[in-house]
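Below is one structure, written out as structure tokens; comments come after it.
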Amino acid sequence: MVYHASAARLSLALSLFASPALARSVGPRDPVPEGYHAAPYYPTPHGGWLDSWQDAYTKAQDLVSQMTLAEKVNITSGVGIYMGCHGQGIPGQGSQRPPWPVSWPIGTETPGPGRNWEGFGSDPVLQAKAAAQHIKGIQEQGVIATIKHYIGNEQEMFRMYNPFQPGYSANIDDRTLHELYLWPFAEAVHAGVGAVMTAYNAVNGSACSQHSHLVNGILKDELGFQGMVMSDWLSHISGVDSALAGLDMNMPGDTNIPLFGFSLWQYELTRSVLNGSVPVDRLNDMATRVVASWYKMKQDKDHPRPNFSSNTRDRKRAFVSGGCLLPYRAGQLGRMLASTERATRAHLAWAGGLVWRITPISMTPSRPSEGESRTSSSTTRTTFPLIIDTPAADDIAVVFISSDAGENSFTVENNHGDRDSDKLAAWHGGDKLVQKAAEKFKNVVVVVHTVGPLILESWIDHPSVKAVLFAHLPGQEAGESLTNILFGDVSPSGHLPYSITKSATDVPDSIANLKGFAFGQVQDTYSESLYIDYRSMHYQSMQPRFVFGPRPQHEADAARAVGAEGKKKYAYPAGYSTEQRPGPAAGGGEGGNPALWDVVWEVGVTVTNVGGEFAGRASVQGYVEYPEGGVYETPKVQLRDFEKTAVLRPGESERVVLRLTRKDVSVWDVELQNWVAPGAEELGGGRYTVWIGEGSDKLFLACYTDSGKCEGGLEPPV
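Read left to right, the sequence shown gives residues -23 to -1, 1 to 695 (mature numbering (1 follows the signal peptide of the UniProt record, and there is no 0)).
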């Protein structure tokens, strides 16, 4: 078993108020705006009805049937944040740390949330496909993957419930929830994920750890999730309510005020079952789901140890401003000055550290270009060196800049976990460092280690700045992977997973508006609806500096589309019932109705490297434009599939196929509570256009679903 190694840092002030009563007394709740509601959904659907989980559930039900009440209760809780792992008689099923978490909700409202870097980008399809692949890879090793945080945890400020105020309420309408925020979770469930972790915050006024509509109704019924649902650390704020709402495991066992040995489950859950407040079949289902996940990953038997490898060089994103300088060519390189403002520190934002690190500065002196005997010089500092030899025309300054983010346990440069004060500028004076280098050198390369978008306008157009490499967060092999890019051993083939605007005011600033201290529940209403990142910029006709999806500019290739192929009574919550509901129309399988994954169209694309010098890979992206004149408002185009070629040498070609599923061409109908296709005849018909390109603003081929034909040379819709 591999466990998530994160540490909670606790406020001493909270410990002064430690009592079970105060753990639930979390201050006044401000009214949720009209139109946003958290409808009750009871009871919790039982697990074990899907064929793919049948064997695991048969074993789990047999084991749970032999357990005492205390044993069942024991496996639904951790044993305290500073205590050791427990197995409760199940070898390897320790529950002091959760199974490996692998995905995160998309950072939609703003690029500044502290945990955006733990996800895969700003688009739900990108998040979904990447999460599914991670989950499959992790669980093939016998490890239970966990997707978190369910749902709407889009910032750190005000996220946690405490004795003074509830966690903030992310107010999300039903269609936006399904088409954006829920999409990656649905794909994760479809991939067979074994565990889901709830978020600290509330959604539409109700805490996620006791949100019956989100957990019972959507996750376990509509999406058919068969695994276990756990709380995030210290986010458990109710006993009976959370059990009835579908929570299966309380982590780490404490209330939201730790260290005093209080729990809302454990002995309290035993008491609640004995007095009838919690039905025994709900406890049985809780325990069975936990054990079934264990059996599903075959952790009852010997299973292979995890083996991790990373092809980090493929994931670098390069953007060229002005003249092309990368890669450094034989005979071209003069002296190199590498200046850094703490950007090469090996780190994983605020989540942990590394065993060792190899920095680019340590690697470059050993990598002079072929035919050159001159070595590079380097300096590490937060300000540009005052004394330096006059650079020659072919000398290069490589400047490393960074930004960071993480949980709200730390404040750095007045950023409280979220990047709520930096206005998306580089940290530690990084922008000034670039400007000083550009004043001195004729050739400047900027390497950006960042958790998300930065505003580059103070130096991006300077004639000396020849290239910008978005390398994101450095790991222990960052030095080797970066120098492979800088010296041209590998051509970068990553694409930007978010847009970079020209001003911080071009994106919503809800985080900036939710700083400080406030009484009552802070309301964060997602009024932008479906229009996030590139969708919002298309809607506003806004031209960012770099839009979602572009590729390195020093590679060249061409694409040609082939075609589209079609007792003491408990005060139960409102709406509580023990009668099982019929399955929803949108459900029926893991992730939702199995028909949602039927492929309805395929688009074949031939990609040719028409460049004369560099080998590289290309990511072909397919964006769907919905039929005109429909009853549903949709963004102009939406990413729906992407495929990456192998490494193509100049002149080589490869055919890739993009596949569109029924869900890809559907929208969520709030009244019908189901997915519907706007192009269906009963809704007026009309054709979809599949735009093929290398970025959301670089679309050059259009394929039509009614004729199956494709054509180029058209004006794209964005």
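Virtual Cβ for every residue (Gly too), placed ideally from N, Cα, C.
What you are looking at is a predicted structure, and each value in this text was computed from that prediction instead of being measured.
Pick from the options: whose alpha carbon is nearest that of residue i?
i           : options                : result
R512        : A481, T482, Y475       : Y475
E11         : Q104, D618, Y503       : Y503
G407        : L40, S379, A623, R594  : S379
E671        : R639, K640, T622       : T622
T35         : A448, Q203, A179       : Q203
G564        : L616, D510, N651       : N651
A572        : Y508, F523, D641       : D641
K419        : V499, A374, L649       : A374
T682        : Y145, G662, S596       : G662
P101        : P655, W645, T53, L616  : L616
I669        : V695, Y177, P440       : V695
G560        : G607, P20, A15, H515   : P20
A179        : L191, I195, A147       : A147
S596        : N461, A108, D575, F619 : F619
K479        : V608, K400, L463       : K400
residue 780 : N51, F162, G55         : Within the shown structure, residues of the chain are numbered from -23 to 695, placing residue 780 beyond reach of any answer.
D366        : A414, H472, A403       : A414
I112        : A551, N130, A172       : A172
S29         : V624, G566, H405       : G566
A657        : E605, D151, A369       : E605
V608        : V624, G599, L649, P655 : P655
D39         : N261, S506, G144       : N261
D32         : D277, G114, S468       : D277
Assign residue i to one of two classes, buried (16 or more other C-beta atoms within 10 Å of its C-beta) or exposed (fewer than that).
i           : result
K273        : buried
V422        : buried
T45         : exposed
N252        : exposed
G628        : exposed
Y665        : buried
P693        : buried
T482        : exposed
Q520        : exposed
L678        : buried
A184        : buried
P16         : Inspection of the sequence shows that residue 16 is occupied by Ala rather than by Pro. Exposed: under 16 other Cβ atoms inside 10 Å.
R522        : buried
residue 696 : Absent from the structure is residue 696, since the part of the chain shown begins at -23 and ends at 695.
D258        : exposed
V442        : buried
S42         : exposed
A369        : exposed
Y244        : exposed
In terms of residue numbering, what span does the alpha helix (DSSP H) encompassing residue i cover?
i    : result
K197 : Where K197 is concerned, there is no enclosing alpha helix (DSSP H), given that its DSSP letter is neither H nor E.
D218 : 217 to 221
W160 : 160 to 167
S379 : Unbroken run through S379 is the beta strand (DSSP E), 373 to 379; no alpha helix (DSSP H).
Y511 : 510 to 517
I121 : Neither: I121 is in no alpha helix (DSSP H) and is coded neither H nor E.
Q31  : 31 to 42
L463 : 455 to 463
V50  : 46 to 51
D408 : 407 to 417
T247 : 244 to 251
For the beta strand (DSSP E) containing residue i, list its first residue and its last residue.
i    : result
W578 : 576 to 585
G689 : 687 to 689
H213 : Unbroken run through H213: none, as it is neither H nor E.
E602 : 596 to 602
N148 : 146 to 148
M174 : 172 to 175
D277 : Unbroken run through D277: none, as it is neither H nor E.
T427 : Note, T427: premise wrong, no beta strand (DSSP E); not H, not E.
V445 : 442 to 447
Q500 : 500 to 502
Quiz item: Any chance the region 20 to 35 sits against the region 258 to 268, with 3 or more Cβ pairs inside 8 Å?
Solution: Touching, per the Cβ criterion.
Given 8 Å as the limit, is there contact between the region 194 to 204 and the region 136 to 143, that is, 3 or more CB pairs closer than that?
In this structure the region 194 to 204 does not touch the region 136 to 143; the number of beta carbon pairs closer than 8 Å is below three.
Item to check | Contained alpha helix (DSSP H) runs [length at least 4] in the region 620 to 685, N- to C-terminal order | outcome: Counting only runs of 4+ residues, no alpha helix (DSSP H) is found wholly inside the region 620 to 685.
| said: Using 8 Å as the cut-off, can you tell me whether the region 152 to 171 makes contact with the region 211 to 223, which would need three or more C-beta pairs spanning the two stretches below that distance? | reply: Taking 8 Å as the limit for Cβ pairs, the verdict is that the region 211 to 223 does not touch the region 152 to 171.
Original post:
With a cut-off of 8 Å, do at least 3 Cβ pairs link the region 572 to 582 to the region 627 to 643?
Top reply: Counting C-beta pairs with one atom in each stretch, the region 572 to 582 and the region 627 to 643 have three or more that are closer than 8 Å, which means they touch.
- Task: Specify whether the region 459 to 468 and the region 432 to 442 touch according to this definition: at least 3 beta carbon pairs, one from each stretch, less than 8 Å apart.
- Result: The answer is no - the region 432 to 442 does not touch the region 459 to 468, with fewer than three Cβ pairs under 8 Å.
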